[in-house]
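Remarks on the structure that follows.
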Amino acid sequence: MRKADLVNTISEKTGVPKVDVLVTLESFFTEIKDTLAESENVYIRGFGSFVIKKRAKKIGRHIKKNEAIEIPEHFIPSFKPSKVFVEQVKENVKMLPEDKSGAI
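The sequence shown maps to residues 49 to 152 in my numbering.
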(Lines of atoms letter the chains of each structure in order from A and count residues from 1; the text may use other names and numbers.)
(Lines give C-alpha, C1' and ligand atoms only; values in the text may rest on other atoms or scores of the structure.)
Protein backbone atom coordinates (compact mmCIF):
# COMPACT_ATOMS: atom_id res chain seq x y z
CA MET A 1 0.00 0.00 0.00
CA ARG A 2 1.34 3.40 -0.96
CA LYS A 3 0.55 6.74 0.65
CA ALA A 4 -2.01 7.55 -2.07
CA ASP A 5 -3.77 4.24 -1.40
CA LEU A 6 -3.81 4.99 2.31
CA VAL A 7 -5.30 8.44 1.70
CA ASN A 8 -7.99 6.96 -0.57
CA THR A 9 -8.89 4.25 1.94
CA ILE A 10 -9.12 6.64 4.89
CA SER A 11 -11.14 9.11 2.81
CA GLU A 12 -13.61 6.41 1.75
CA LYS A 13 -14.00 5.01 5.29
CA THR A 14 -14.41 8.38 7.02
CA GLY A 15 -16.07 10.53 4.37
CA VAL A 16 -13.37 13.19 4.86
CA PRO A 17 -12.15 14.78 1.60
CA LYS A 18 -8.91 13.30 0.24
CA VAL A 19 -7.06 16.61 0.42
CA ASP A 20 -7.85 16.94 4.15
CA VAL A 21 -6.71 13.37 4.79
CA LEU A 22 -3.48 14.03 2.87
CA VAL A 23 -2.78 17.23 4.85
CA THR A 24 -3.45 15.41 8.12
CA LEU A 25 -1.24 12.47 7.15
CA GLU A 26 1.60 14.76 6.04
CA SER A 27 1.29 16.70 9.32
CA PHE A 28 1.48 13.43 11.26
CA PHE A 29 4.64 12.35 9.42
CA THR A 30 6.21 15.79 9.90
CA GLU A 31 5.48 15.77 13.64
CA ILE A 32 6.99 12.30 14.03
CA LYS A 33 10.15 13.35 12.15
CA ASP A 34 10.48 16.65 14.01
CA THR A 35 9.98 15.01 17.40
CA LEU A 36 12.58 12.33 16.67
CA ALA A 37 14.98 15.02 15.39
CA GLU A 38 14.67 16.67 18.83
CA SER A 39 15.79 13.36 20.43
CA GLU A 40 12.33 12.59 21.80
CA ASN A 41 10.57 9.27 21.30
CA VAL A 42 6.92 9.03 20.20
CA TYR A 43 4.65 6.48 21.90
CA ILE A 44 1.24 5.65 20.41
CA ARG A 45 -0.71 3.27 22.66
CA GLY A 46 -2.02 0.25 20.77
CA PHE A 47 0.11 1.01 17.71
CA GLY A 48 3.79 1.26 18.61
CA SER A 49 6.75 3.47 19.37
CA PHE A 50 8.95 5.57 17.15
CA VAL A 51 12.32 5.67 18.90
CA ILE A 52 15.87 6.83 18.32
CA LYS A 53 18.52 4.11 18.40
CA LYS A 54 22.22 4.72 18.90
CA ARG A 55 24.60 2.92 16.57
CA ALA A 56 28.11 2.49 17.96
CA LYS A 57 31.25 3.47 16.08
CA LYS A 58 32.49 0.62 13.89
CA ILE A 59 34.91 -0.26 11.14
CA GLY A 60 33.45 -0.73 7.69
CA ARG A 61 35.02 -1.48 4.33
CA HIS A 62 35.06 0.57 1.14
CA ILE A 63 34.51 -2.27 -1.32
CA LYS A 64 35.88 -0.63 -4.48
CA LYS A 65 39.10 0.58 -2.81
CA ASN A 66 39.31 -2.42 -0.44
CA GLU A 67 40.21 -0.22 2.49
CA ALA A 68 38.87 0.02 6.01
CA ILE A 69 36.88 3.10 6.93
CA GLU A 70 35.62 4.24 10.28
CA ILE A 71 31.86 4.69 10.56
CA PRO A 72 31.24 7.14 13.39
CA GLU A 73 28.67 6.72 16.14
CA HIS A 74 25.26 7.86 14.90
CA PHE A 75 21.55 7.75 15.66
CA ILE A 76 18.80 6.23 13.54
CA PRO A 77 14.99 6.23 13.78
CA SER A 78 13.29 2.92 14.51
CA PHE A 79 9.73 1.65 14.91
CA LYS A 80 8.73 -0.94 17.49
CA PRO A 81 5.16 -2.22 17.13
CA SER A 82 3.03 -2.67 20.25
CA LYS A 83 2.06 -6.14 21.47
CA VAL A 84 -1.54 -5.50 20.39
CA PHE A 85 -0.34 -4.58 16.89
CA VAL A 86 1.87 -7.68 16.61
CA GLU A 87 -0.87 -10.01 17.84
CA GLN A 88 -3.42 -8.54 15.43
CA VAL A 89 -1.05 -9.04 12.50
CA LYS A 90 -0.23 -12.60 13.59
CA GLU A 91 -3.91 -13.49 13.82
CA ASN A 92 -5.10 -11.82 10.64
CA VAL A 93 -2.30 -11.92 8.08
CA LYS A 94 -2.81 -14.22 5.13
CA MET A 95 0.07 -16.45 4.14
CA LEU A 96 2.37 -14.67 1.72
CA PRO A 97 3.10 -16.50 -1.53
CA GLU A 98 6.60 -17.94 -1.53
CA ASP A 99 9.23 -16.32 -3.68
CA LYS A 100 10.52 -18.55 -6.47
CA SER A 101 14.03 -18.28 -5.06
CA GLY A 102 12.79 -19.73 -1.75
CA ALA A 103 13.29 -16.48 0.16
CA ILE A 104 10.34 -14.68 1.68
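Think of the CB as a built atom: it goes at the ideal place given N, C-alpha and C, for glycine as much as any other residue.
Contact annotation: the segment 99 to 115 does not touch the segment 71 to 82, with fewer than three C-beta pairs closer than 8 Å. Bounds of any alpha helix (DSSP H) do not take in E88, whose DSSP letter is neither H nor E. Remark: C-beta atoms of S126 and V99 approach each other more closely than 8 Å.
Residue environment: V67 is assigned as exposed (fewer than 16 neighbouring CB atoms within 10 Å of its CB, all protein chains considered). Residue environment: V55 is assigned as buried (16 or more neighbouring CB atoms within 10 Å of its CB, all protein chains considered).
About 5 Å separates the CB atoms of I58 and V69; that is less than 8 Å, so the two are in contact.
Distance from the CA of G96 to the CA of G63, rounded to the nearest whole angstrom, comes to 26 Å.
Residue nearest to E86 within the set T78, V137, L73 is T78 (criterion: CA-CA distance). In the three-state reduction of the DSSP assignment, I100 falls in the strand class.
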